[in-house]
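Since the structure comes first, as structure tokens, the remarks are kept for the end.
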Amino acid sequence: MISNTTREMIPSIVMKRIRPYMLVTLLCIVYVAYVLAQNDGDPLALVTLGSQFSEGVPADQDGSEGYDGQFVYYIARDPSSAAQYIDAPAYRFQRILLPALGMALSFGQTSLIPFALLIVNLISLAAGTALLERLLVERGVSRWYAIGYGLALGTFGAVRLSLPEPLAYALALGGVALALRDRWLLSAVLFALAGLAKETTFIVAAGVGLYLLTRRQWRDALIFGVVSLLPFIIWQWILVQHFGTWGIGSGGAMATPFEIIPFMGVMRILTEGGAAVFGALMAILLPFVLIPTLWALYRVWRDIRSREFTIYTALLAVTALIMLFVPFSTYREPIGILRFIVGLQIAVILYAAHKRDARVLRNSTLWMLTALFGFSLI
35 MISNTTREMI PSIVMKRIRP YMLVTLLCIV YVAYVLAQND GDPLALVTLG SQFSEGVPAD
95 QDGSEGYDGQ FVYYIARDPS SAAQYIDAPA YRFQRILLPA LGMALSFGQT SLIPFALLIV
155 NLISLAAGTA LLERLLVERG VSRWYAIGYG LALGTFGAVR LSLPEPLAYA LALGGVALAL
215 RDRWLLSAVL FALAGLAKET TFIVAAGVGL YLLTRRQWRD ALIFGVVSLL PFIIWQWILV
275 QHFGTWGIGS GGAMATPFEI IPFMGVMRIL TEGGAAVFGA LMAILLPFVL IPTLWALYRV
335 WRDIRSREFT IYTALLAVTA LIMLFVPFST YREPIGILRF IVGLQIAVIL YAAHKRDARV
395 LRNSTLWMLT ALFGFSLI
């Protein structure tokens with residue numbers, strides 16, 4: 035028989051041994067397994083093929099659109115012929131790291147590509163969550179606040195969709211961790227890799243660069259900028275030579291440019307979509323995007339006034355300021371905007387940990403509710 039004392043100790047021991055990255059990874063495996071089961075075990079369900087691109091069936095003939103993971107799959111399957119299946123080839127090819135890893139790990143076997151992408155992203159999700167855990171513990175707060183990152187749609191759901199965010203932001207978190215240790219060169223190397231996974235991670239890198247500039251560490255800032263950006267610039271030049279256009283931009287097909295007027299991307303939902311669409315999207319945008327952005331801008335303003343501009347402030351400033359000008363095409367798509375804010379999530383969580391702001395840390399865990407949208411992706 036187990037004594038009452040032993041029975042009371044078991045949950046405590048289990049909680050000490052289980053870490054957020056373990057739980058996040060396990061839940062993601064269960065989720066992906068369920069997706070596969072609902073699709074008769076077809077691994078192509080993980081790359082969300084659309085007949086508009088895979089078979090050339092027009093939208094007006096009921097061609098399905100699919101989602102962005104299909105472009106990762108096409109590039110990994112055969113880079114030389116992938117362009118004919120892609121909406122904006124240069125734009126998609128600029129995110130080369132994940133498809134390159136998928137191609138390498140599938141050993142030329144097309145049937146293995148979805149599983150190779152899945153393995154890379156599962157490892158990346160676990161690594162990114164574990165890195166954030168470590169940073170939280172080092173700042174004297176609970177590691178469990180990392181679930182606001184690990185269970186968010188932009189990372190958790192991205193694994194199911196074969197998207198580059200888990201890999202890109204795991205590398206970015208590694209870059210932040212090294213920057214916090216003043217290891218600027220290695221930090222820049224990881225940000226260079228992150229940028230080749232997804233260009234939006236350069237927003238996080240810009241926060242590190244801004245901090246170096248405010249500290250007048252000119253040499254470190256120059257080295258950091260050159261090392262982190264040069265591989266991406268070279269790759270962009272290669273894309274121009276091959277496709278005749280730059281990869282950098284605000285999106286693929288149907289994308290709109292970055293806005294000039296703050297939050298015009300949000301207001302255009304009302305003017306172009308109507309009150310009903312605006313109201314529905316605000317149920318997502320207000321709690322998960324707009325309130326965190328406005329809070330972040332307020333805290334940055336306070337820190338500037340009090341001359342407490344730390345690296346956490348710099349990360350918060352850059353990731354929040356960009357939200358003012360995000361394109362209408364990103365704000366109007368729930369999955370798109372929830373993918374875009376991953377950098378802001380990281381900045382908010384780290385800033386709150388630095389300030390020991392328990393209320394904000396608790397609120398940051400609400401981002402895991404966005405994973406519920408994953409049920410619409412089955």
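Each residue of the sequence shown is one higher than the one before, starting from 35 at the first, in my numbering.
Even glycine gets a Cβ: it sits at the ideal position worked out from N, Cα and C.
Apply the 10 Å Cβ neighbour rule to V334 and answer buried if 16 or more other Cβ atoms are within range, or exposed otherwise. By the C-beta density criterion, V334 is buried, having at least 16 other C-beta atoms within 10 angstroms.
From R217 to S114, what distance separates their C-alpha atoms? Rounded to whole angstroms, R217 to S114 spans 38 Å at the Cα level.
For M56, count the other beta carbons within 10 Å of its own beta carbon; 16 or more makes it buried, fewer makes it exposed. Which is it? By the 16-neighbour rule on beta-carbons within 10 angstroms, M56 is exposed.
If you check the beta carbons only, do G299 and F343 fall under 8 Å apart? no
State the Cα-Cα distance for the pair L350 and A381, rounded to the nearest angstrom. 5 Å
Looking only at its own chain, which residues have a Cβ that is under 6 Å from the Cβ of A110, when we skip the five neighbours before and after it? P133, G136, M137 and I147
Given that a residue counts as buried once 16 or more other Cβ atoms are within 10 Å of its Cβ, and exposed if not, what is W271? The residue is exposed, with fewer than 16 neighbouring Cβ atoms inside 10 Å.
Alpha helix (DSSP H) containing M137: first to last residue? L131 to L139
Assign Q72 to one of two classes, buried (16 or more other C-beta atoms within 10 Å of its C-beta) or exposed (fewer than that). Burial call: exposed.
T248 CB to nearest heavy atom of the ligand FAD below 7 Å: This structure lacks the ligand FAD, and indeed carries no ligand of any kind.
Out of V311, L358, G408 and D337, point me to the one whose CA is closest to P291's CA. L358
Reference G281; option with closest CA among D121, G307 and I338: D121
Answer yes or no: do A124 and F374 have a C-beta to C-beta separation smaller than 8 Å? no
Looking at I412: is its Cβ nearer than 8 Å to the Cβ of V69? yes
Locate the alpha helix (DSSP H) running through F266, then write down its first and last residues. W252 to F277
Test item: CB-CB of A348 and L378 under 8 Å: no
Would you kindly report the start and end of the unbroken alpha helix (DSSP H) that includes N73? For N73, there is no enclosing alpha helix (DSSP H), since its DSSP letter is neither H nor E.
How many angstroms separate the CA atom of V394 from the CA atom of I383? Distance from the CA of V394 to the CA of I383, rounded to the nearest whole angstrom, comes to 8 Å.
Taking the beta carbon of Q118 as the centre, do at least 16 other beta carbons fall within 10 Å, making it buried, or is it exposed? Q118 counts as exposed, since fewer than 16 other C-beta atoms from the protein chains shown sit within 10 angstroms of its C-beta.
What is the DSSP secondary structure of Q118, reduced to helix, strand or coil? helix
Beta-carbon separation of Y365 and L304 under 8 Å? no
Just the Cα atoms here: how many angstroms apart are A228 and L205? 5 Å
Using only CA atoms, which one of G243, P321 and A192 lies nearest to S221? G243
Judging by CA-CA distance, which residue of D102, Y101, Q86 and G103 is the nearest neighbour of Q95? Of D102, Y101, Q86 and G103, the smallest CA-CA separation from Q95 is found for Q86.
Who are the Cβ neighbours of V238 in its own chain at under 6 Å, not counting the five residues just before and after it? A206 and G377
contact_flag[the segment 145-163, the segment 179-197] where n(CB pairs < 8 Å) is 3 or more: yes
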